[in-house]
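Below is one structure, written out as structure tokens, with a few remarks after it.
Residue numbers (my numbering): 1 to 251.
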């Protein structure tokens, strides 16, 4: 049992052996069933079963759905058939064990061993970058007057475009990029700049921000934190925004 991040080395899986038709069980069984945990190597054992009579004994082996967030459990059912014969091997009655994978609507498939497969994927998380435009001068800020570009570095995921997205400001000065979905842990870096316009009466902001998103797995749920830096200024800041100055030309 192994997944994207969690492995059997740090995640315990449980398996249940159930006796059919009163078959003998190992020590520790209760009401014809026993549940054990897998070891760090992924293997598990139910313990030794003693047979006092010749015959055919059947069991059912299943994995317990542990309900861990992000974990997919294997719902395969195996029938184990143990045949105790009167043939003697090493002074003991010979025992033959066969494994059958139960398949809905089809004949059971004989297997050489019991195999349960698990996968792990933490639930995705989202980040939406929202900035603020401040406009100083002798008039009000207009809607869609300024543009801002968010660029993904080194293949970081984006919202609606592959590598970059450009948006415009609202009348309030805010600007919002498309929501970005993160499906894996990691560190993702973006650059944010204001598009330099051509209005000679406006001083455009040349600040360049680096937005570093760190995504970590928190018990099956990915969580993202964002660190904001000003490029070339070697400065950490708590928010990102741009300030423009309107200076009308004297006629």
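A virtual CB, placed ideally from N, CA and C, is assigned to each residue, including glycine.
Note that the structure is predicted; figures quoted are calculated from it, not measured.
Does the pairing of the region 180 to 191 with the region 117 to 131 give three or more beta-carbon distances under 8 Å? yes
In chain order, what residues of the same chain lie with their CB nearer than 6 Å to the CB of residue 212, ignoring the 5 residues before and after it? 189, 227
Look at the alpha carbon of residue 63 and the alpha carbon of residue 179, and state the distance between them as a whole number of angstroms. 38 Å
Taking the alpha carbon of residue 47 as the reference point, which residue from 72, 15, 216, 229 has its own alpha carbon closest? 15
Decide if residue 103 is buried, meaning its Cβ has at least 16 other Cβ atoms within 10 Å, or exposed. exposed
Proximal residues to residue 100 (C-beta, below 6 Å), its chain only, five neighbours per side dropped: 79, 108, 110
With DSSP as the reference, label residue 77 as helix, strand or coil. strand
Below 6 Å CB to CB, which residues in the same chain sit around residue 94 once its five sequence neighbours on both sides are set aside? 85, 87
Please classify residue 17 as buried or exposed, where buried requires at least 16 other C-beta atoms within 10 Å of its C-beta. buried
Here's the rule I'm using: 16 or more other beta-carbon atoms within 10 Å means buried, otherwise exposed. How should residue 239 be labelled? exposed
Taking the DSSP output, what are the residues bridged to residue 194? 148
Burial state of residue 217, where buried means 16 or more other Cβ atoms lie within 10 Å: buried
Touch test, the region 47 to 57 against the region 144 to 163, Cβ-Cβ under 8 Å, three pairs minimum: no
With a threshold of 8 Å on Cβ separation, who are the neighbours of residue 34 within its own chain once the five nearest residues in sequence on each side are excluded? 16, 17, 25, 26, 28, 46, 47
Just curious, the beta strand (DSSP E) that residue 50 is in, first and last residue? Where residue 50 is concerned, there is no enclosing beta strand (DSSP E), given that its DSSP letter is neither H nor E.
Backbone CA spacing between residue 225 and residue 214 [nearest angstrom]: 5 Å
Which class does residue 244 belong to by DSSP, given the choice of helix, strand or coil? strand
If you measure between the beta carbons of residue 244 and residue 205, is that distance less than 7 Å? yes
Should residue 251 go down as buried or exposed, given a rule of 16 or more other Cβ atoms within 10 Å for buried? Per-residue confidence for residue 251 stands at a pLDDT of 43, beneath the threshold of 50, marking its modelled position as unreliable; the derived number appears in the next sentence. Exposed, since its Cβ has fewer than 16 Cβ neighbours within 10 Å.
Within the region 77 to 112, ranges of the alpha helix (DSSP H) (whole runs, at least 4 residues): none
Can you say whether residue 54 is buried or exposed, counting buried as having 16 or more other CB atoms within 10 angstroms of its CB? exposed
Cut-off 8 Å between Cβ atoms - residues of its own chain near residue 164, not counting five sequence neighbours on either side: 149, 150, 151, 152, 158
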